Amino acid sequence: MKKAEHKNFNINLPKSPTGIQGFDEITAGGLPKGRPTLVCGGAGCGKTLFGIEFLVRGATQFNEPGVFMSFEETNEELTINVASLGFDLEDLIKNKKIALDHVHLERSEIEETGEYDLEGLFIRLGYAIDSIGAKRVVLDTIESLFAGLPNQLILRAELRRLFRWLKDKGVTAVITGERGDESLTRQGLEEYVSDCVIVLDHRVNNQTSTRRLRVVKYRGSIHGTNEYPFLIDEEGFSVLPVTSLGLKHNVSDERILSGIVALDEMLEGKGYYRGSTILVSGTSGVGKTSIAAHFAEAACKRGERVLFFCFEESPNQLMRNMLSIGIKLETWVKKGLLQFQATRPTFYGLEMHLATTHKMVNDFKPDIVIMDPINTFVAVDKEFEVKTMLIRMVDFLKANQITALFTSLTFNHSALENTDVGISSLIDTWLLLRDIELNGERNRGMYILKSRGMANSNQIREFILTSHGVELREVYIGAGGVLTGSARIAQEALENAEVLTHKLDIERKKREIERKRKALEIQIATLHANFEAEEFEANKMIETEKALIKRIEQDKIEMAVSRNAGKENNKTKNLKK
Amino acid sequence: MRQKQVNSTKKSLEENLVATEKDKWILRLYVAGKTPKALTAFTNLKKICEEQLNGKYSIEVIDLLINPQLGVEDQILALPTLVRKLPVPVRKIIGDLSDTERVLVGLDLLPIN
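Heads up: the sequence lines are chains A and B, in that order.
According to this note's numbering, the first sequence holds residues 108 to 684 in order.
According to this note's numbering, the second sequence holds residues 18 to 130 in order.
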């Protein structure tokens, strides 16, 4: 979809790719082909470099030779200056890929006597273009002419003609201009070059400087309108179109272990999500870096690549310190899986930090990025700017499926759950470390403040740094509150003693019951015996009675027989039948 | 390549210098084609030289349309440009030389007052 769009307007407006990292993305393809572009900005903001890189990249990557007409620096100065950026101008000149032309105007040598035009400049530029078949032209800084030639009327008319002429020539031109007080350029060049205007800026904020680039105008094309940070380093110019990142990144269901068994257990036993953002915050000295180091070690053991930005400690100090808790990071550094990048936050501006992070990440291609700690940036810039920078950072890392672990220092006087940079909403898993002061001891507690997309434990655990790493213990929670450290141990002993007495009590109770049961049984047996005796007696009496009744009946029959034999006898006999 | 050519012309120029009389003026007029401005400039120059230099001069007219690379040596931007190669220092006068007063000042032929 996006590609199709690109193609579409490429047809409408042909573009000339600059090859400058990130710039072609903002402008959706580069500078307008065959048209002049104005690049303006204050002193030292990188105008010349932009121009020269446009030419060098054009010559080396896009096979478009270019002419650099300098009104300020001599050819030798220019060659030396850009050699520091890895551009070999001499070689390119030899191969007729680039032509340098230094135009020098000395006001004191010139006397003006009547009508003239700048045909000489045209011829000269035309000659240079034709000599190498140039497709690109840079004029740096043409405004110098205003200092050399007194008649502005002629000059302005001629400049207008020059830009027209460049268009007719079909070369893609970059014209640089010094920034003016009220207009974009001192001499109002934007009047003449109206197809594309780029403003470079070099701002100093709290003693740190940031370079920014903005496309003010781009006729016939959509372009990013924001101010984009850019940096100039040993590889030249790079612009970061980072604000264009959104929330469209893919998510992973994969889980990765944190390196601390008990912590993994708290996170459903599986650890963090890959590509998520983890924040470890806490007061100083609670072990934030240790958690980060554990995570780094665990990742390296899995064979993943880790990029560790430390803003407060040197890598060696950090490695030494982590040795004390049994984490040997040096092994992984040697194996090339772990890379440290240590800079002071104040070393350069936020944007520059962001830019270097980008570059480092693109170069090293890590699976995990650790930044320890992030809130030191607040010292450099305002909270809001830090936040926007971190949003961009998080977006960038997420888009690349990189798991990020940030640590953040909170201060005792501020609320624990309040990070200085206010990025809580960006965080997927937030571990909070806090110190618990009790009975003259200061112990560490840890809990999971939030963890998106998993049923995490809600327990506070005691966090112990041992010689073999971080351990998490269950803390005692009871009538006395949360107990940690030796208080917890004492409480545990107390509990053990209580359990023992309880056990004894139970034994005693059991025995008593047994005894009672036995007594009861004996009683039951006696009653049984008594009953049996009585029953026997009763049965005996019943039998005697029965025998007696029988005898009486027998006697009656016998008496009847003796009184009257015969009938009675027969009757009884019949009855019997 | 171009640089070399320039050097060689410079050398030949210096050789010429030795050969010519010390007070001879060497003037170069750069033009681009036979434009009205170029023609005016040449006429004006000729006139001034005749009046002021009594034949102790030489004028070289360089047409940049024919030899564009020659403009580099003298840093020619504006046309027409008159360059006083000798006597040193080099002076440049741009325009069609219609302002005689200024031409004379530019050529150091007239005190500024």
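Here a beta-carbon is modelled for each residue, glycine too, at the ideal position from N, C-alpha and C.
Computed from a predicted structure; not experimentally measured.
Could you pull out every residue in the same chain whose Cβ sits closer than 6 Å to the Cβ of residue i, ignoring the five residues on either side in sequence?
i	result
B/D113	K54, T57 and A58
A/H575	G433
A/R321	V306 and E334
A/A406	V413 and I475
A/K122	G136, G137 and K140
A/T350	Confidence is the limiting factor: at A/T350 the pLDDT is only 49, short of 50, which leaves the residue's position unreliable and the question unanswerable from this model.
A/D535	S383, T384 and R559
A/A400	M429 and I434
A/G366	H401, F402, E404 and A405
A/L364	D371, G378 and A405
A/D247	T155, G158, S177 and T283
Establish whether the CB of residue i and some CB of chain A are separated by less than 8 Å.
i	result
B/Y47	yes
B/K54	yes
B/L126	no
B/V78	no
B/L82	yes
B/N96	The sequence shown places Leu at residue 96 of chain B, not Asn. So, interface residue.
B/L88	First, the residue type needs correcting, since residue 88 of chain B is Gly and not Leu in the sequence shown. So, interface residue.
So which residues on chain A does residue i lean against when the C-beta distance must stay under 7 Å?
i	result
B/G112	E219, T220, G221, E222 and Y223
So with Cβ pairs under 8 Å, would you call residue i a contact of chain B?
i	result
A/T350	Below a pLDDT of 50, predicted positions are generally treated as unreliable, and A/T350, at 49, falls in that range; no measurement from the model is reported.
A/H211	yes
A/E216	yes
A/L260	no
A/T181	no
A/L256	yes
Please classify residue i: is it buried, with 16 or more other beta-carbons within 10 angstroms of its beta-carbon, or exposed?
i	result
A/I596	exposed
A/D288	exposed
A/F337	buried
A/E714	Look at the range of chain A in this structure, 108 to 684, and you will see that residue 714 of chain A is not part of it.
A/S669	exposed
A/I567	buried
B/P106	exposed
A/L691	Residue coverage of chain A in this structure runs from 108 to 684, which leaves residue 691 of chain A outside it and unanswerable.
A/F175	buried
A/M666	exposed
A/G240	exposed
A/K625	exposed
A/L607	exposed
A/S191	exposed
A/L611	exposed
A/E602	exposed
A/E458	buried
A/R319	buried
Could you work out which residues of chain B lie near residue i, taking near to mean beta carbons separated by less than 9 Å?
i	result
A/Y299	Within chain B, no residue comes near A/Y299; the closest Cβ sits about 17 Å away, beyond 9 Å.
List, in chain order, every chain A residue whose beta-carbon is nearer than 8 Å to that of residue i.
i	result
B/P85	I230, R231, G233 and Y234
Which residues of chain A have a Cβ atom closer than 9 Å to the Cβ of residue i, listed in chain order?
i	result
B/I93	G227, L228, I230 and R231
Counting only the same chain and skipping the five closest in sequence on each side, list residues whose C-beta sits under 7 Å from that of residue i.
i	result
A/L273	P143, V244 and A280
B/G123	R108 and I110
A/V189	I159 and L196
A/E437	M426
Between residue i and the rest of its own chain, which residues show a CB-CB distance below 8 Å, the 5 nearest in sequence each way excluded?
i	result
B/W42	C66, L70, K73, Y74, S75, R101, L103 and P104
A/I555	M373, L374, T536, W537, L538, L539, N563, S564 and N565
A/L296	L145, C147, I249, E250, L266, I282 and G284
B/G50	D80 and L82
Secondary structure, beta strand (DSSP E): runs of 3+ residues fully inside the region 188 to 264 of chain A | 205 to 209, 217 to 219 and 243 to 247
For the region 420 to 468 of chain A, list the alpha helix (DSSP H) runs that are entirely contained and at least 4 residues long, ordered along the chain.
-> 422 to 430 and 437 to 442
Residues of the region 98 to 122 of chain B whose Cβ lies closer than 7 Å to any Cβ of chain D, in chain order = Included in the structure are the protein chains A and B, with no chain D among them.
Whole runs of the beta strand (DSSP E) within the region 566 to 646 of chain A, excluding any shorter than 3 residues = 568 to 573, 576 to 581, 583 to 585 and 588 to 590
Segments assigned alpha helix (DSSP H), at least 4 residues, entirely inside the region 149 to 191 of chain A = Taking 4 residues as the minimum length, the alpha helix (DSSP H) runs contained wholly in the region 149 to 191 of chain A are 154 to 168 and 182 to 190, in order along the chain.
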